[in-house]
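Trainee: Residue 1 is where the sequence shown starts when you use UniProt numbering, and the numbers rise one by one after that.
Let me begin by handing over the structure; questions about it come next.
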Amino acid sequence: MTIDTATAQRQVLDAADELFYERGVQAVGMDAIRTASGVSLKRLYQLFPSKDTLVEAYLDRRDALWKSMLAEHLDAATEPRDRLLAVFDFLHDWFLQRDYRGCAFINSFGELGTVSPRVAELALQHKEGFRQALTELSKDAGAPDPERLADHLILLSEGAITRSAISGSADPALRAREAAVLLLDATLPVRQRALDQTTADEP
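In structure tokens, the structure reads:
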């Protein structure tokens, strides 16, 4: 039975996502994607004319998934300061996932960044998107220099991502959150900190 295009694409991307993320992009060939997806090699190349296009689709999908998971945690927080700290709660939950292997963009850039301008571009776009999100959250929290605060927070986040991938522990997210609390205490206006404390003390 011939499967429709949307189903075939989903099967291929499901296989690519699992294999690329677990083993690395360079270690996985199109034959392995064919076997894991159940889509013939001919159909596979009709959907994705080259491995490069499949890698791009894989990273695009990872970007959308990552943003969705982050947004879910941000939406659960109401106060501006809590929304900044929710970023680290998201990281902790992400690190606890059984298949966590670090950041797909850092991993792919490490493998292909010097030989694939497109992979390098997608990695930069993903990280800049994260930085912009942190900048907006910092503005909402009343930071006097939201871009600088975002730069500090993204360094904490990226360090936690790498440390967790290497150590196999979710604890780096907790340590990064503790450091973020100290940073916010030193950075946010006193009025905002007092408002946050008042809200936290309410029954």
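Here a beta-carbon is modelled for each residue, glycine too, at the ideal position from N, C-alpha and C.
On the three-state DSSP scale, how would you describe Ala27?
Mentor: What you label residue 27 is simply residue 27 of the sequence shown in a count that begins at 1. Reduced to three states, the DSSP call for Ala27 is coil.
Trainee: Going by alpha carbons, who is nearest to Arg62 out of Asp14, Thr162, Arg23?
Mentor: As a position in the sequence shown, residue 62 is number 62, starting the count at 1. The shortest Cα separation from Arg62 among Asp14, Thr162, Arg23 belongs to Asp14.
Trainee: Starting from the C-beta of His152, find all residues in its chain whose C-beta is less than 7 Å away, skip the five residues before and the five after it, and write them out in chain order.
Mentor: Here residue 152 refers to the residue found at position 152 of the sequence shown. Answer for His152: Leu183, listed in chain order.
Trainee: Which residues bound the alpha helix (DSSP H) around Asp185?
Mentor: Residue mapping note: residue 185 aligns to position 185 of the sequence shown, counting from 1. Looking at the DSSP string, the run of the alpha helix (DSSP H) that includes Asp185 is 171-187.
Trainee: Report the residue from Ala57, Phe88, Asp60 whose alpha carbon sits nearest the alpha carbon of Ala71.
Mentor: Here residue 71 refers to the residue found at position 71 when the sequence shown is read from its first residue. Closest by alpha carbon: Phe88.
Trainee: Beta carbon of Ala133, beta carbon of Thr187: below 7 Å?
Mentor: Here residue 133 refers to the residue found at position 133 when the sequence shown is read from its first residue. Here residue 187 refers to the residue found at position 187 when the sequence shown is read from its first residue. No. Outside cutoff.
Trainee: Considering only residues of the same chain and omitting the five flanking positions on each side of Ala173, which have a CB-CB separation below 7 Å?
Mentor: Indexing the sequence shown from 1 puts residue 173 at position 173. Phe88, Leu91, His92, Phe95, Ala160, Ser164.
Trainee: I need the straight-line Cα distance from residue 234 to Phe105, nearest angstrom please.
Mentor: Nothing can be reported for residue 234: it is not among the residues displayed for the chain, which extend from 1 to 203.
Trainee: Here's the rule I'm using: 16 or more other beta-carbon atoms within 10 Å means buried, otherwise exposed. How should Pro80 be labelled?
Mentor: For the purposes of this step, residue 80 is identified with residue 80 of the sequence shown, where counting begins at 1. Classification for Pro80: buried.
Trainee: Please say whether Glu128 and Val25 have beta carbons closer to each other than 7 Å?
Mentor: Indexing the sequence shown from 1 puts residue 25 at position 25. Indexing the sequence shown from 1 puts residue 128 at position 128. Their beta carbons are not under 7 Å apart, which means Val25 does not touch Glu128 by this criterion.
Trainee: Output the boundary residues of the alpha helix (DSSP H) element that contains Tyr58.
Mentor: Here residue 58 refers to the residue found at position 58 when the sequence shown is read from its first residue. Looking at the DSSP string, the run of the alpha helix (DSSP H) that includes Tyr58 is 51-75.
Trainee: Nearest-angstrom Cα distance between Val28 and Glu158?
Mentor: Residue mapping note: residue 28 aligns to position 28 of the sequence shown, counting from 1. Residue mapping note: residue 158 aligns to position 158 of the sequence shown, counting from 1. Straight-line Cα distance between these residues: approximately 26 Å.
Trainee: Write down every uninterrupted run of the alpha helix (DSSP H) in the UniProt DNA-binding region "H-T-H motif" (29-48) whose length is 4 residues or greater and which is fully enclosed by it, in chain order.
Mentor: The UniProt DNA-binding region "H-T-H motif" (29-48) contains these whole alpha helix (DSSP H) runs: 30-37, 41-47.
Trainee: What does the alpha-carbon distance come out to for the pair Asp60 and Thr2?
Mentor: Position 60 of the sequence shown, counted from the start, is the residue given in the question as residue 60. Position 2 of the sequence shown, counted from the start, is the residue given in the question as residue 2. If I take the Cα positions, the gap works out to 26 Å.
Trainee: By Cβ distance, which residues of its chain are closer than 6 Å to Pro189, with the 5 residues on each side in sequence left out?
Mentor: For the purposes of this step, residue 189 is identified with residue 189 of the sequence shown, where counting begins at 1. Contacts found: Gly142.
Trainee: Cβ of Leu156 within 7 Å of Cβ of Ala180?
Mentor: Locating residue 156 in the sequence shown gives position 156, where the first residue counts as 1. Locating residue 180 in the sequence shown gives position 180, where the first residue counts as 1. The answer is yes: Cβ separation under 7 Å.
Trainee: Mark Arg177 as exposed unless 16 or more other C-beta atoms lie within 10 angstroms of its C-beta, in which case mark it buried.
Mentor: Residue numbering aside, residue 177 sits at position 177 when the sequence shown is read from its first letter. Its Cβ being crowded by 16 or more others within 10 Å, Arg177 is buried.
Trainee: If His73 and Ala57 are in contact, beta carbons under 8 Å, what's the gap, nearest whole angstrom?
Mentor: Taking the first residue of the sequence shown as 1, we reach residue 73 at position 73. Taking the first residue of the sequence shown as 1, we reach residue 57 at position 57. 26 Å between Cβ atoms; not a contact.
Trainee: What number of angstroms, rounded off, separates the C-alpha of Leu137 from the C-alpha of Arg23?
Mentor: In the sequence shown, counting from the first residue as 1, residue 137 sits at position 137. In the sequence shown, counting from the first residue as 1, residue 23 sits at position 23. Approximately 34 Å between the Cα atoms of the pair.
Trainee: Work out the CA separation of Ser108 and Pro117 for me, nearest whole Å.
Mentor: Residue 117 sits at position 117 when you count from the first residue of the sequence shown. Residue 108 sits at position 108 when you count from the first residue of the sequence shown. Approximately 12 Å, taken between the alpha carbons.
Trainee: Using only the heavy atoms of the ligand FAD, determine whether one of them is closer than 6 Å to the beta carbon of Arg83.
Mentor: The ligand FAD is not part of this structure, which contains no ligands at all.
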